[in-house]
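Residue numbers (the numbering used here), protein chains in the order written: chain A, 85 to 782; chain B, 85 to 782.
Next comes the structure, spelled out in C-alpha cells:
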C-alpha cells in the first residue's frame, strides 16, 4: 500500500534544513540522530553558513541538494518557515517534518505563520508533519529524525503515534527498563497537515508493527478516525490513551440525553465502535500492547493460574474475576498429572499452588500440563523470587513450553533485582512479563476481548426497512433553527422511520376531538394544546383514560374552560388526542445528541424523570447495528429488565432494539436534528410505543 | 506502651533453635541474617550436634542457653515442635517464632501438631508467631529473624504486616528500586496465636514507623480489628490490601440485603469505619504509604499542577478530578508572579505549563510561588526528562522549597534511566515521586482524605433515645430459630426501637377488623393473614384505601371468601389491618444482615422490587453514627433524592437517618437477629414509615 505519507517511512534521501555543528542546537541533535541511526539512504545537511558536522560537509542552499532527496526536516525559526518550505517545494521534496516551535501554540501571529507555511506546502504537494513536534523514528528501517538525546529506543513491535512530544521523550526513556521496543514513533505536534488519522493505515502497513498505540488529546475528524481505525483494527490491534477526560459535558443541554452525554461518552462509544482498546493510563496501554503484540489469542476466558505461593495466587484469582475472566476447571487427566508431579501438600486445583519448594522443572512441567488441558484457554504464571535457585532458571525452562503452545501465557515475576535476569530472558523470547498479578490479568483480558472482537467481526447487519428519509425531511422542512419540533411534526418524523407512537392528533374543536379519538381507538388521553403551556398537568390540562366519543366531546369543553380560567393570556389551539398506553409496560428512554466530533451519539437507559439521577444509561454511535443496540441494552439495568425480573413480566425487547436502531438511523440521516429524545418509550409485551417525543432542530 | 508482644521487638537475647552450618538449610539462613543484621543483643545458636557457624559455637541444648534470652526462633521439623516449645517454656523464653511449615496448611495431622504446640506455648505464657512464616525484621533496632537471601530491605518508615510470606519476599526485592524502606516487617503465617490485629498497636508504637501497611487474606476477629485499627489510625495511617474479593456473597440469602451484601461489602464498611485506606493493588498501597509517611497533609482539595509539557499536564488534571481533587484557581498575585517568571508563551493558568525551555530555577521558583498561594492546598510537579540539563538539577532546586512548605508536593518524574538520579535525591529528602501523573494524583487524594478524617474524628455522636432493649427481646422470645418473625411481633420490635410502622394489627373476625381500623385511623389497607400465603396479591388477598368501619367489615368477609376459594388448603388467621400510607412519598430500603466477621452490616438504598437489579445501595457497619448514616445516604441516588429532585418534592431526610441508626442499633443489640429488612420504608414530608418489615431469627 502506498500513499502520500509513504515517503516519510522510505525516503531515499533526507535533508536536514538548519543542521548545526553547535551541540546545544536542535539542528545538531537531528543531524546526530540521523547520522547515527544507521539510516541507509543519503543524508544532506543544509546550513547557510556551510561547515561540516559528523563527517558531512554542509550545503549552503536547498537548491543545491543533489538527488535523491524525498524528505526534509526543517529546524528553522518560525519566521523562516514559509520561505524554507517554498524552497523545498521548488527542489521537489514531497515530505517535510517541521520540528520548530513558534507557531499556533504561541498565539495569533504564530497561527498566521503556520497557515502560511501549510498553504505553501499544499501548493507544492508536500505532506507536512508538525510544526512544534519531535519528528519520527523507525527502528527497523532504520531512521531517526528526532533531536532527543541518545540512547534511541530499542527496536520492537509497538508503534506509537502521539499528540504530545514530551510524552514521546518520557516514554522512550521509560521503555528502556520495561522490556519493550518501538517499531515506529511519530510526534505530530500541531497537526497543521498530517493528523493521527492520516497516520493509522501507513503505520499499520509496516510489517514490523504488531500493535499501534496512540496518545490522543482529541481526533481531527471523528467519522474518518472511526473508519480508518476500523480498517486497521481488523488486522492489528490499536490501544489508545485519550486524555482530557475532565472536559465537562454540554453545558446547556435541553434533554436528559444532552445532559448526560459528555465528550468522553462519545469517545468511549467511538473507540468501542472502532474496536480500539481505551487505556486509562500509560502503563495500562503498554501492559496491554506487549501482550497483544507477542501472545497468541485465547479461544475462551478460562485461565489457569500456576504459582509457588498462595497469597499472590489469591490476588491473581481476584484480578481475573475483576477483568471478566474465569478460573478454568481442570479435567481429571490434568488433576492426575498434577498429583503425580507435585508434593502432597500442593494444591492441584486452580490456582495451582506448587509450594515454595517448586523447582524450575516443576514450573515447566506444571505449565505444560495446564496448557494441554482442553478446558484451559490461557495461563498466568506467578513467580516470587524462588528461595533456592535463580528465577531465570524457571523462566528458561518455561520458555519452550510457552512458545510451543497455541495458548497465551503471561508471567508475573514479583520483585525487582532478583528477577531482572528472568525478565530479560522472557522479553527476548517475546513473552509478556509483569511485576504484579493485577496487571497481568488485565493484559490477558484484552487478549480474550481481541479474540472475541475478531470472531464477531464477520456478523452481517440486517438492514432497516421502512425508513422514509424524504418524509422525515419534509416533517422538518418548516421548523425554525434552534426550535423544538411541533408535537404533530415529531409524530410524523417517527412514523417516517417506522417508530410507533401514541399517535397524537390535534383537535381544534369538540367534534373533531371525538372523531379523532374514534380513529386512534379508546381509551384516549386528552392534553391541552398551547404553545404557551409546557407543564400541562400544573393547569389541569390533562384528562386520562377517556372511554367514549361522548366523554371526549365533554372533556374538550372542560379542558378549554379550565385552562382558560387559569391562564387567560395563553393561546389555546385546542386539545391533543393520544392513544392511552396501558401502564403495565416498562418505561425506558432512548435519545440522540449530535456530538461535534462523532455525529449522532445515542443513549438508552432507565426512563422517567430520574434519568439524570439514576444514570442507568449507555451510549453508542449512530448508525447502530443490532449488536450495537444489544450491547447498549446489556450495559443497563433498564435493558436487562426487559427480559423480565421477579414479578416484573418480560416485554418486547426486540422492539426496543429495533426502535433504538431506527432512531439512530434517523439521527444519522438527518443532520438537521440536534437532539431527539423519546421519554418514555413504553415497552409492552408485543410492542413498544413512543409516548413523549422531543426533537430539537440544529 | 508494653504488652506481651513487646519482647518480639526488644529482645535482649535471641536463640535460633535448629541453627545450621549447612548453607542450603533455613536454619543457616536465619543464623546468617540474625548475625549479619547488626542485632546488638546476644545471639544463641542451638543445634543438637553442636558445631560452629558465623563464628558462634552452637549449643546442643535449649536448657544450656545462658541469660539473656527473650525470644526463640524455631526452625525444627513439625513433629519436634511441641517438645521444642516445651523446652523453650522450661528455659523461660516468652516469645517464639515458629518458622517451620508442616502444620495446619498440610492437613489434619499438621493441624493437630499446631494445636498441640500452641497449647504448650500457652501453658508457659509464650506468645507465638507462625507457624509456617518467614518471621520478622526491624531495620532500626536492628533485628532480622528471616531466612530470606540478602540484601535485607533498606531502613524506612513503612511497617508491613502480612498473611503471606511470599509477598514479603517479593516486596522486599521490589522495594529496592522503588525508593522506600521498611521499619518493621512481620510475616504471620498460620496465626496459631499472634494475629494481624494483635500486631497493630505494638507496631504502631514504634517511633520509626510512620505508616502501617497490611496484606490481609481475612481478619481474625472483626470487631477487635476495627477497635484496634481505630485506635492506631487516630495517630498513624493504615493502608490495607485485602485479597479474596472473588469470594462470592451469601448463597442462600432470603432478603435483598442478604443477597447484595457480599463479604467484601463488609470489609469495605469495616475499613471505612476504622479509617483504614483500602488499596486495590500492591503498587497502590505503597504509592499511598510513601506519601502518607513523608508529606504534610493538605488543608483542602485544591491542587496546583506545574509542568514543562502540556500533555502530561492534561493527564494530571484528569487524574486529579477522577480522584475527587480540584484544580486551584490562583490569586492575582500568583498570576503576576508567574507572568514575571515565565516566557510569554507559557500558560500561567492551572496546569501551569512552563514550556520545554523551563530551567531548574523555573521549577524551584514556580513551585515556591504556587505553594505561597493561599488558594493552593498542595502541588503536583511534572518533569519529563528535561532536554537541556539533568533532571536532578531541577529536583535539587525544588527540594528546599518543598521542605520549607507546610503543604504537600508530589513529583512526577516521567521516564526511567534519565530520571534515576533525580528520583534518588527526592527519596533521600523524603519526597514522594512517581513515574506517572495518575499515581501521584491518587496519592495526593489519600493525603486530603487523611486530613479530612483527622478533622472529623472529634465529632461527638448524639445518642439514640427511646430504645427499649427489653421490649425488643421479649418480641423475639418465642420465635423459633431460623424462622421469620410473625408480622405483629416484627411490628412490636420496631416500636421498641422507636421506628414508626404502618401499625399492623391482626383481626380474627369482621367486628374486630372494624374496631382495629377505627383505632389506626382511616383509610386502611387490609391484607389476608395466613402463614401459607406469601404473595398475597396473587390470590386477591389485599384491599387498598378502605375508608370506613362498614367497608372494613364487608372487606373482611370478601377477602376470606375470595382467598378460601382460591386456596382452600391454606390456614386463614384472619385479616391484617394497616394504616394506609399516602403514595406521594419516596420508597427506600433499609436492612441489616449479620456478617460472620463484623456483626450487623447495614444496607440503605433504592427500595421496591428492583433493589437487586438497580444495585443503588450502600453499606455500613453497626452501630451507625449520624455521620455514618449520612455517608450511606450520600453514596446512593435514593439518598440524594430525599432532598428533592426536579418535580420530586423533598421528604424527611432526617427521619431516614434516624431510622437507619435505630435499625442499626437494634441489629447491634440483638444478635438473635440474622436478617432484618424494611422495604419499603416510605418517606413522607414530615416522617417516614416502615410499611413492610421482615425479620429473620438466627
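Where is the CB? At the ideal position from N, CA and C, for every residue including glycine. Since the model is a prediction, treat every value here as computed from it, not as a measurement.
Cβ-based burial, residue i [other Cβ within 10 Å; buried from 16]
i                      : result
residue 754 of chain B : buried
residue 91 of chain A  : buried
residue 458 of chain A : exposed
residue 436 of chain A : buried
residue 136 of chain A : exposed
residue 541 of chain B : exposed
residue 500 of chain B : buried
residue 113 of chain B : buried
residue 95 of chain B  : buried
residue 664 of chain A : buried
Backbone CA spacing between residue i and residue j [nearest angstrom]
i                      : j                      : result
residue 468 of chain A : residue 208 of chain B : 37 Å
residue 774 of chain B : residue 261 of chain B : 58 Å
residue 751 of chain B : residue 717 of chain B : 19 Å
residue 169 of chain A : residue 104 of chain A : 19 Å
residue 571 of chain A : residue 406 of chain B : 41 Å
residue 610 of chain A : residue 624 of chain A : 11 Å
residue 362 of chain B : residue 765 of chain B : 32 Å
residue 253 of chain B : residue 224 of chain B : 19 Å
residue 344 of chain B : residue 702 of chain B : 10 Å
residue 226 of chain A : residue 498 of chain A : 35 Å
residue 247 of chain A : residue 304 of chain A : 11 Å
Per DSSP, cross-strand counterpart(s) of residue i
i                      : result
residue 610 of chain B : B:627 and B:661
residue 730 of chain B : None, per the DSSP bridge assignment.
residue 244 of chain A : A:269 and A:297
residue 136 of chain B : B:141
residue 81 of chain A  : For chain A, the structure presents residues 85 to 782; residue 81 of chain A sits outside this window and is missing.
residue 772 of chain A : A:767
residue 212 of chain B : B:180
residue 778 of chain B : B:761
Residue of the options minimising C-alpha distance to residue i
i                      : options                       : result
residue 356 of chain B : B:661, B:423 and B:715        : B:715
residue 256 of chain B : B:289, B:276, B:284 and B:221 : B:221
residue 115 of chain A : A:231, A:237, A:456 and A:216 : A:231
residue 520 of chain A : B:639, B:661 and B:258        : B:258
residue 696 of chain A : A:279, A:185, A:339 and A:126 : A:339
residue 686 of chain A : A:384, A:342, A:418 and A:516 : A:342
residue 109 of chain A : A:161, A:88, A:150 and A:148  : A:161
residue 236 of chain B : B:583, B:265, B:143 and B:150 : B:265
residue 98 of chain A  : A:442, A:226, A:152 and A:501 : A:152
residue 159 of chain B : B:273, B:202 and B:185        : B:185
residue 234 of chain A : A:120, A:129, A:496 and A:413 : A:120
residue 583 of chain A : A:596, A:594, A:320 and A:551 : A:551
Near the ligand NAD: residue i beta-carbon under 7 Å from a heavy atom
i                      : result
residue 699 of chain B : No copy of the ligand NAD occurs in the structure displayed, which carries no ligand at all.
Review point. Is it true that the segment 519-535 of chain A meets the segment 364-379 of chain A, where meeting means three or more beta-carbon pairs spaced less than 8 Å apart?
Key: yes
Review point. Does the segment 339-357 of chain B come within contact of the segment 529-538 of chain B, defined as at least 3 CB pairs closer than 8 Å?
Key: no
Review point. With contact counted as at least three CB pairs below 8 Å, one residue from each stretch, are the segment 689-705 of chain A and the segment 722-731 of chain A in contact?
Key: yes
Review point. How do the segment 137-147 of chain B and the segment 189-206 of chain B stand: do at least 3 beta-carbon pairs fall below 8 Å, yes or no?
Key: no
Check your understanding: At a cut of 8 Å, does the segment 562-570 of chain A reach the segment 738-749 of chain A through at least three beta carbon pairs?
Key -> The segment 562-570 of chain A is not in contact with the segment 738-749 of chain A.
Review point. Is the segment 624-639 of chain A touching the segment 551-564 of chain A in the sense that three or more CB pairs, one from each, lie closer than 8 Å?
Key: no
Check your understanding: Would you call the segment 483-496 of chain B and the segment 378-392 of chain B in contact, with 3 or more CB pairs under 8 Å?
Key -> yes
Practice item. Check whether the segment 436-451 of chain B touches the segment 388-396 of chain B, taking contact to mean three or more Cβ pairs, one atom from each stretch, closer than 8 Å. Key: yes
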